[in-house]
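S.K.: Just dropping this structure here.
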Amino acid sequence: MTADGGILEVREDETIRRHQIANRLTNVERRLLTYLAKHQTLVACVGNIGAGKSSLVKLLAYSTGMNALFELPDEGFEDHVAQNPSLFPLLATAKNSAKRTLGRYYGAINEFIEVQAREAAESPGWVAAKRNLEHAALDIQHAYLDLRKMQLQAIPHLSSSTCVDGSPFADRYAFCEVLHRDMDVPYLTAESLQVIDGRLDDEFRPLVRPGLLVLLKSPVDYLLRNIRERQRDEEGGRHADDVPEGLRRLVKALNRRYDHLVEKLREGGWYEGPVLVIDVSKIDFVSNVRHLIAVYEGIETLLVPKDFKG
Numbered sequence: 000m001t002a003d004g005g006i007l008e009v010r011e012d013e014t015i016r017r018h019q020i021a022n023r024l025t026n027v028e029r030r031l032l033t034y035l036a037k038h039q040t041l042v043a044c045v046g047n048i049g050a051g052k053s054s055l056v057k058l059l060a061y062s063t064g065m066n067a068l069f070e071l072p073d074e075g076f077e078d079h080v081a082q083n084p085s086l087f088p089l090l091a092t093a094k095n096s097a098k099r100t101l102g103r104y105y106g107a108i109n110e111f112i113e114v115q116a117r118e119a120a121e122s123p124g125w126v127a128a129k130r131n132l133e134h135a136a137l138d139i140q141h142a143y144l145d146l147r148k149m150q151l152q153a154i155p156h157l158s159s160s161t162c163v164d165g166s167p168f169a170d171r172y173a174f175c176e177v178l179h180r181d182m183d184v185p186y187l188t189a190e191s192l193q194v195i196d197g198r199l200d201d202e203f204r205p206l207v208r209p210g211l212l213v214l215l216k217s218p219v220d221y222l223l224r225n226i227r228e229r230q231r232d233e234e235g236g237r238h239a240d241d242v243p244e245g246l247r248r249l250v251k252a253l254n255r256r257y258d259h260l261v262e263k264l265r266e267g268g269w270y271e272g273p274v275l276v277i278d279v280s281k282i283d284f285v286s287n288v289r290h291l292i293a294v295y296e297g298i299e300t301l302l303v304p305k306d307f308k309g
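This is the structure:
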């Protein structure tokens, strides 16, 4: 691993022998479980579409005893909140609303791209499709802000620590910037961006901040392959042969924004804490146990004091 100014990049320890794997993994899991049970901490996992945020959150939750909060109601990625079952209906309602809004948003993108291909800019059909896209782009931001706010309000009242899939600040400084500045025409208007900034300032500054930010990064081709393989309905459907063009454009533009996310968060005063960076094209924590050990040990390095007695 390499560390620089509170930023640690995960590297596999190639010296681990096969007979050492079980001890190495269970030891770091035990230390994290003990620390996170005694010191309530929020771990936020952020990254581009298809980077594996929800997979990492699920592994973390069930390995270290943390609560897990997800941004989409996907089979196998249900919220895990110990001793707080009353939260499930509220969070499920917000997530289903976000999922429906996300489907409409992707539909509006694809509709606009189709209109662009057959009509001149500023034609009545072009203007109508553009207006529909602008409304959908703002609606999806509101839907996710509603969900993120509900999650952050709940976290201080949960027992133990919590890991969460996504962040309102990553949405703002990656997703929103792309929609406003990086597409061929702005999908998100300047007026909409002001509305989002107003909500962040008014509603989110008083809420709990992460104790650790985990940033998942990858080349675009790897992300598109993951998106294609998982075949989520809102990302093109289970029978799609390839990733829709609108989603391809979005993923490519987002990757450049995530390269500068940490500095943007620090410039805005939204996050000053440690960052664990994982290149998921090199660190396959889902299917390579040595890589999973490297991720967990990176989290331990950034969170757990060396003199902590587990």
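The opening position of the sequence shown corresponds to residue 0 in numbering that gives the first Met the number 0, with each subsequent residue numbered one higher. Ideal placement from N, C-alpha and C gives every residue a C-beta, glycine not left out.
Which whole-angstrom value describes the C-beta separation of residue 219 and residue 250, a residue pair presumed to lie in contact below a C-beta threshold of 8 Å?
M.R.: Within the sequence shown, numbered from 1, the residue matching residue 219 stands at position 220. Within the sequence shown, numbered from 1, the residue matching residue 250 stands at position 251. 6 Å between Cβ atoms; contact.
S.K.: Who are the Cβ neighbours of residue 260 in its own chain at under 8 Å, not counting the five residues just before and after it?
M.R.: As a first step, residue 260 must be located in the sequence shown, where it is residue number 261. Around residue 260: 45, 169, 172, 173 and 214.
S.K.: The beta strand (DSSP E) spanning residue 215 covers which residue range?
M.R.: Indexing the sequence shown from 1 puts residue 215 at position 216. Residues 211-216.
S.K.: Per the DSSP calculation, residue 161 is bridged to which residue(s)?
M.R.: If you number the sequence shown from 1, residue 161 lands on position 162. Paired residue(s): 41 and 66.
S.K.: Leaving out five residues before and five after residue 140 in sequence, what residues of the same chain have Cβ atoms less than 6 Å from its Cβ?
M.R.: For this step, residue 140 is matched to residue 141 along the sequence shown. Same-chain partners within the cutoff: 195.
S.K.: Relative to the C-alpha of residue 209, which residue among 151, 293, 55 and 120 is closest?
M.R.: On the sequence shown, position 210 is the one that residue 209 refers to. Of 151, 293, 55 and 120, the residue nearest in Cα terms is 151.
S.K.: Tell me the DSSP secondary structure of residue 267 in three-state form.
M.R.: Numbered from its first residue, the sequence shown carries residue 267 at position 268. Looking at residue 267 - three-state DSSP - the assignment turns out to be coil, as it is neither helix nor strand.
S.K.: Could you check what DSSP says for residue 49 in three-state terms: helix, strand or coil?
M.R.: For the purposes of this step, residue 49 is taken as the residue at position 50 of the sequence shown. Residue 49 falls in the coil class under three-state DSSP.
S.K.: Thinking just about the alpha-carbon of each residue, which of 289, 147 and 105 is nearest to the one in residue 203?
M.R.: As a position in the sequence shown, residue 203 is number 204, starting the count at 1. When only C-alpha atoms are compared, the closest one is 147.
S.K.: Checking the sheet assignment: what are the DSSP bridge partners for residue 179?
M.R.: By one-based count along the sequence shown, residue 179 stands at place 180. Note: residue 179 sits in no beta bridge, so no partner.
S.K.: Going by other Cβ atoms of all chains shown within 10 Å of its Cβ, with 16 needed for buried, is residue 245 buried or exposed?
M.R.: Taking the first residue of the sequence shown as 1, we reach residue 245 at position 246. Buried.
S.K.: Decide yes or no for the touch test of the stretch 176-187 against the stretch 47-55: beta carbon pairs closer than 8 Å, at least 3 of them.
M.R.: Too few Cβ pairs lie closer than 8 Å, so no.
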